[in-house]
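In my numbering, the protein residues as written are 175 to 362. Have a look at the structure below, then the notes.
Okay, here's the thing in structure tokens:
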């Protein structure tokens with residue numbers, strides 16, 4: 175049985191296990207996109223889609239307000255009509271890859287979020303991004319699943335508790351955003 179204290183202790187343990195150098199590498203990828211006018215795409219399912227959508231708000235609006243230069247960021251889960259059309263007319267595994275095909279160019283960044291690391295639609299999008307010359311950065315849980323091997327880089331949250339994995343993914347993205355905001359503030 176989980177208690178509030180136990181949940182907090184488990185999340186603290188997951189935070190303590192984070193390699194801050196991994197978060198710094200993600201921040202550097204974001205900064206490279208911002209400096210070079212490249213785009214950042216985020217994808218995920220369920221709670222991971224919500225995380226992706228939320229962080230796009232921070233990346234797009236706050237970086238623009240802070241620096242005067244926008245970071246071109248999009249969440250491919252946000253266009254409900256397009257996601258449902260691809261899912262209905264082809265397959266759910268295909269909801270993100272055609273969007274990557276449409277938008278991704280060399281130098282862009284795809285951040286792929288999958289709690290299990292095995293979401294087929296996320297993996298298909300990573301494959302398409304790499305075909306198009308975009309960099310890929312994964313956020314996964316459990317043991318990383320297939321995403322850990324498929325993405326150029328991947329941060330794996332070592333837990334089997336999906337809610338805690340999602341909590342830590344948001345912390346990672348908020349950390350990367352906060353570090354990026356500081357960098358653009360001091361280097362722009």
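Note that CB positions come from ideal geometry on N, CA and C, so glycine has one too.
Beta-bridge partners of residue 199 (DSSP): none assigned. Nearest Cα to residue 350 within the set 218, 331, 233: 233. Rounded to whole angstroms, residue 294 and residue 288 show a C-alpha spacing of 10 Å.
Selection 358, 267, 273, 303 evaluated against residue 283 yields 303 as nearest (Cα-Cα).
Residue 325 is positioned such that its CB atom lies closer than 8 Å to that of residue 286. Per DSSP, the unbroken alpha helix (DSSP H) holding residue 300 starts and ends at 294-305. Taking a contact as a CB-CB distance under 8 Å, the pair residue 245 and residue 208 counts as one, their CB atoms being some 5 Å apart. Residue 351 is bridged by DSSP to nothing; it lacks a bridge partner. Between the segment 209-229 and the segment 339-348, the count of Cβ pairs shorter than 8 Å is three or higher; the stretches touch.
Non-local C-beta neighbours of residue 280 in its own chain, meaning closer than 6 Å and more than five positions away in sequence, comprise 307, ordered along the chain. Just measuring C-alpha positions, the residue of 257, 268, 340, 255 sitting nearest residue 291 is 340. Cα atoms of residue 312 and residue 338: separation of roughly 17 Å, rounded to the nearest angstrom. Residue 328 has its alpha-carbon roughly 28 Å from the corresponding atom of residue 241.
With respect to the 8 Å criterion, residue 321 and residue 297 are classified as neighbours on the basis of their beta carbons. If you look at residue 221, you'll find it isn't in any beta strand (DSSP E); it sits in the alpha helix (DSSP H) that goes 221-231.
DSSP, reduced to helix, strand and coil, places residue 241 within a helical segment of the structure shown. Looking at 331, 309, 323, the one whose alpha-carbon comes closest to that of residue 316 is 331.
Residue 256 and residue 178 have their C-alpha atoms roughly 39 Å apart.
Nearest C-alpha to residue 251 among 275, 319, 236, 220: 220.
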